[in-house]
Amino acid sequence: MAQRVVLAYSGGLDTSVCIKWLQDHYDAEVITLTIDLGANDRDLGAIQAKAVSLGAKKAIQVDARSLFVNYFIFPALQAGAIYEEAYPLATALGRPLIAKLLVDVAREEGAVAVAHGSTGKGNDQVRFDVSVGALAPELKVIAPVREWGMSREEEIEYAREHDIPVPVTVASPYSTDVNLWGRSIECGVLEDPWNEPPAEVYEWTTGPAEAPAEPQYVEIGFEHGVPVSLGGEPLDGVSLIAKLNELGGAHGVGRIDHVENRLVGIKSREIYEAPAAMILHAAHRAMEGLTLTKDQARFKAKVATEYADLIYNGLWFSSLHQDLAAYVASSERHVGGVVRVRLHKGTCQVVGRQSPKSLYSYQLATYDRADKFDHRAAEGFIKLFGLPLRTQAAVQLLTGPEGQLSIMPPKVSEDAKKVEEGH
Ligand code: ARG
């Protein structure tokens with residue numbers, strides 16, 4: 089009897105070929121699973137029909153946009169998770185959710201395996217395989233593209249032989265992945281990191297030079313580090329992100345050009361478009377700037393790096409993640425208020441912030457008459473703060489060959505004078 093396999097199906101050439109190939113090589117009964125994570129470039133009905141026409145036993149569709157936003161995107165935003173200070177992790181965040189849904193459907197349908205269309209060179213195969221392995225060790229994971237060893241040309245040949253439509257877009261030299269949190273684009277001329285990305289790679293963002301001359305202001309409301317409103321109007325997460333992608337994109341905000349370190353050991357050059365992600369991370373950082381203490385903020389930055397790495401590395405379903413998530417949730421309990429952002433010609437600048445839990449004190453900060461800061465207390469503070477330095481300077485001397493400082497030229501006063509005399 090044919091065994092059932094649940095295939096993550098995007099409707100593209102690779103996963104369409106996967107349907108036939110799984111039938112041929114594994115004698116599998118293929119059930120396709122197409123998941124809506126907010127990619128705006130697809131017709132889900134048509135994808136479902138295509139799967140059935142290519143011989144899928146069943147074509148399942150799931151709208152996972154809210155799940156994606158509430159359980160993946162917003163926690164990552166609260167964590168400040170940005171990989172290598174550049175990539176807001178759109179693709180990386182989608183994978184564990186796809187893995188979880190594959191597992192759920194496989195169990196409902198009595199399947200023995202799940203399959204995905206990742207190649208053998210990227211991070212995505214790792215994310216899928218590791219996630220499924222953690223959630224459902226009894227399921228086999230099949231990655232046809234990694235296994236079949238066909239070149240692009242052979243794949244197209246195979247598709248033609250099996251009456252699989254080869255879309256004209258196959259002529260496109262780029263490989264893309266899209267969801268609500270961003271677009272990822274690689275391959276083609278982008279593989280030379282010296283090449284400026286041609287205008288055609290961008291679909292969500294206007295070129296900054298062509299963006300409107302007038303800036304646009306957006307006010308983003310936060311509760312517990314999660315954005316909940318735009319311009320004072322409460323909005324669900326999916327709509328809020330979609331709206332910011334539109335606004336930011338129109339002003340040329342959200343382009344990222346990143347040579348990143350893949351988990352499998354290679355450096356790769358990827359272009360991202362992520363207007364909402366960039367705006368929300370900037371606004372969230374500003375909200376934290378107002379509401380976290382200095383110590384919390386510094387520790388949070390370390391957590392953010394770890395958090396981003398574990399998402400990138402496919403370790404979403406790990407205990408370390410669970411532990412860090414608990415810390416992040418706790419850290420966000422007072423992170424609420426409104427941030428005002430200015431979008432203009434490719435820039436996104438925070439220009440205002442306010443919070444009922446703000447730690448900013450006007451009376452402490454001001455140089456005006458309202459000043460309540462105890463200036464005299466500064467003397468005692470400095471005396472103790474500088475104590476170890478004075479002790480060290482007295483014992484270890486800052487002058488003479490022994491105590492010479494490498495951070496300062498030996499004859500600094502003479503060098504400085506020389507400049508003066510030169511006038
Ligand atoms: N480099 C990104 C990541 O590892 C995106 C991968 C998918 N990109 C693509 N263009 N197909 O998460």
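At position 102 of the sequence shown the residue is numbered 190 (the numbering used here), and the sequence of numbers has no breaks. Positions of the beta carbon are idealized from the N, C-alpha and C atoms, including for glycine.
If you draw a straight line from the C-alpha of residue i to the C-alpha of residue j, how long is it?
| i | j | result |
| --- | --- | --- |
| E242 | T264 | 21 Å |
| H204 | K108 | 13 Å |
| L125 | L452 | 46 Å |
| A187 | T179 | 13 Å |
| C436 | R428 | 10 Å |
| Q167 | A413 | This sequence places Ala at residue 167; Gln is not what is there. Cα to Cα, the separation comes out at about 8 Å. |
| R441 | Y450 | 14 Å |
| R343 | S239 | 31 Å |
| S206 | T454 | 57 Å |
| D324 | H463 | 47 Å |
| L485 | F461 | 35 Å |
| I161 | V347 | 23 Å |
| M496 | Y159 | 52 Å |
| K228 | W236 | 17 Å |
| N211 | L447 | 41 Å |
| V341 | W292 | 9 Å |
| R554 | G474 | One cannot answer for residue 554 here, as it falls past the ends of the chain, which runs 89 to 511. |
| V426 | F310 | 6 Å |
Would you call residue i buried or exposed, if buried means 16 or more other Cβ atoms sit within 10 Å of its Cβ?
| i | result |
| --- | --- |
| I354 | exposed |
| E420 | buried |
| Q410 | exposed |
| Q480 | exposed |
| L95 | buried |
| W282 | exposed |
| H372 | buried |
| K388 | buried |
| K445 | exposed |
Less than 8 Å between the CB atoms is what I'm expecting for residue i and residue j, so what's the real figure, rounded?
| i | j | result |
| --- | --- | --- |
| G270 | E361 | 6 Å |
| H339 | Q384 | Their Cβ separation, rounded to whole angstroms, is 32 Å, which puts H339 and Q384 out of contact at 8 Å. |
| Q213 | A231 | 6 Å |
| L101 | V254 | 6 Å |
| V140 | A147 | 5 Å |
| A364 | G336 | 6 Å |
Could you confirm whether any beta carbon from chain C is found closer than 7 Å to the beta carbon of residue i?
| i | result |
| --- | --- |
| E376 | Chain labels in this structure do not include chain C; a single protein chain is all it has. |
Item to check | Minimum length 3: unbroken beta strand (DSSP E) runs contained in the segment 199-271 | outcome: 201-203, 228-230 and 263-267
Checklist entry - Hey, which unbroken runs of the alpha helix (DSSP H) at 4 residues or more fall wholly within the segment 381-413? => result 382-400
Checklist entry - Which parts of the segment 448-482 are runs of the beta strand (DSSP E), unbroken and 3 residues or longer, counting only runs that do not cross its ends? => result none
Item to check | In chain order, each alpha helix (DSSP H) run of at least 4 residues that lies wholly inside the segment 277-358 | outcome: 325-338
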